[in-house]
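Just so we're aligned, residue 1 is where the sequence shown starts under UniProt numbering, counting upward by one.
No residue lacks a Cβ here, since even glycine has one placed at the ideal position from N, Cα and C.
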Amino acid sequence: MTSRVVVLTGASSGIGRAAALAFAERGDRLVLAARGLADLEKVAARCGGSPLVVPTDIGVRAEVEDLADAAVERFGRIDVWADSAAVMAYGRFEDVPPDVFDKVVTTDLLGSANVARAALRVFRRQGQGTLILSSSLLGHITAPYMSAYVTSKWGLRGLARTLRQETRDAPGIHVCQLVPGSVDTPIYTSAANYAGLVGRPPPPVDSAARMGAGIVRLADRPRRELSVGAANRLTEFGFKALPPVYDALVGPMMGRLGLSRRRVAPDTGNVFRAAARVEGGPARWGRLPVAALAATATVLASSTVAAGVRRFRRGS
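Right, here's the structure in full:
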């Protein structure tokens, strides 16, 4: 299908921006939404084709409903709605202020619920449409110092599955999830921070463009879930199959690979307000961190084999 009408929430930066550029290259008609008007307009200029730009905070239900109405008024329908809007907070659970925790959940979980509600209202009327929710590897595993984000993404995973069950009566409606691993986007450096060190994506790190291409793939050929990340499957396996080993390793790994060495004072980041986009984060890695990742993968694999041998011996 060409010249689809595509709504993108979170379009001013990171994965949403990359998806907007990818859809524009295909010739689709775009509705771009995020909190920051200035960055949205820059993305619109890069896309060409006069996208509709609608500043929107997905955490505010009325704004999301207005966005859906504006898209239908302009283009007559919505074929695809891809949501990648998110904020993040670093720090131990008890160190993150309650209002910051609540706002992350409001944006990342309740905001996505607002998007789903508005999209399904239009899709039901049309009898078709594809909703793409950007989840995270952290919706399948857990990691310390990111409790609000992890809580949101686990909740979003449950919501998406429920929506798929509830739309079985409408074969033309699809609910999909993109599951990115580590991605070089601004979310790490713009996050609220109470950990004392600036966050960064642990290696291996993918580009936002690869995730944007994943969203286009889901729009072209909808499926329940698309996991994109070289370490996703191994990490998930370690989390599920070897909980004690995973829990023992994830803290040191997070401290070494998920946090940079750059110190930062406590700050709310962009949780409560839009911040100017600075694409990418401190994602460059030398030999030591990559070697540490390889060593951890070896430990997980060795532990898996050892656990399998022990089970086999007990069984025999």
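Per-residue DSSP class, three states only, for residue i
i, result
"P202", "coil"
"L293", "Reliability of the predicted coordinates at L293 is poor, the pLDDT of 49 falling under 50, and the value obtained from them is presented with this limitation in mind. Of the three classes helix, strand and coil, the one that applies to L293 here is helix, per DSSP."
"T235", "helix"
"M146", "strand"
"A34", "strand"
"T151", "helix"
"R261", "strand"
"V228", "strand"
"S12", "coil"
"D267", "strand"
"R287", "In this prediction, R287 scores a pLDDT of 38, lower than 50, which makes its location untrustworthy; the coordinate-derived value is nonetheless stated afterwards. DSSP places R287 in helix when its eight states are reduced to three."
"F312", "Bear in mind that the predicted position of F312 carries a pLDDT of just 44, short of 50, making it too unreliable to give a figure here."
"A306", "Legend: pLDDT at A306 = 49, less than 50; position of this residue unreliable, no value from coordinates given."
"A70", "helix"
"A192", "strand"
"R221", "coil"
"A274", "coil"
"G76", "coil"
"A170", "coil"
"I215", "helix"
"C47", "helix"
Residue span of the alpha helix (DSSP H) that contains residue i, given as start and end
i, result
"I58", "Run containing I58: none; DSSP gives neither H nor E here."
"E94", "No alpha helix (DSSP H) holds E94; DSSP gives it neither H nor E."
"I132", "Segment G129 to S134 is the beta strand (DSSP E) holding I132; no alpha helix (DSSP H) there."
"L120", "G111 to Q126"
"G27", "No alpha helix (DSSP H) holds G27; DSSP gives it neither H nor E."
"V87", "From DSSP, V87 is part of no alpha helix (DSSP H); its letter is neither H nor E."
"M253", "P243 to M253"
Cβ-based neighbour list, residue i, same chain, cut-off 6 angstroms, excluding 5 preceding and 5 following
i, result
"H174", "T130 and P222"
"V80", "R4, V6, T130 and A219"
"F101", "A148"
"A291", "The predicted position of A291 is uncertain, since its pLDDT is 41 and thus under 50; a value taken from the coordinates is nonetheless stated next. Taken in chain order, the list of residues that qualify is empty."
"P55", "L37"
"Y90", "Y145, A191, N193, A195 and G199"
"P266", "Y194"
"A70", "V54"
"E63", "T56 and D57"
"V96", "A89 and Y194"
Beta-carbon contacts of residue i that lie in its chain and below 7 angstroms, excluding the five residues immediately before and after
i, result
"S152", "V104, V105, D108 and L109"
"G212", "I15, A18, A19, L21 and A22"
"I141", "T235, E236 and F239"
"A295", "Its pLDDT being 44, under 50, A295 is placed unreliably in this model, and the value from its coordinates should be taken loosely. Closer than 7 angstroms at Cβ, skipping near neighbours: no residue."
"V72", "I78 and V122"
Segment limits, beta strand (DSSP E) that includes residue i
i, result
"Q177", "I173 to P180"
"D83", "V80 to D83"
Sheet register partners of residue i (DSSP bridge)
i, result
"D184", "S207"
"L197", "R263"
"L52", "V31"
"V7", "V31 and W81"
Residues near residue i by beta carbon distance below 8 angstroms, same chain, minus five either side
i, result
"A24", "L30, R46, C47, G48, G49 and P51"
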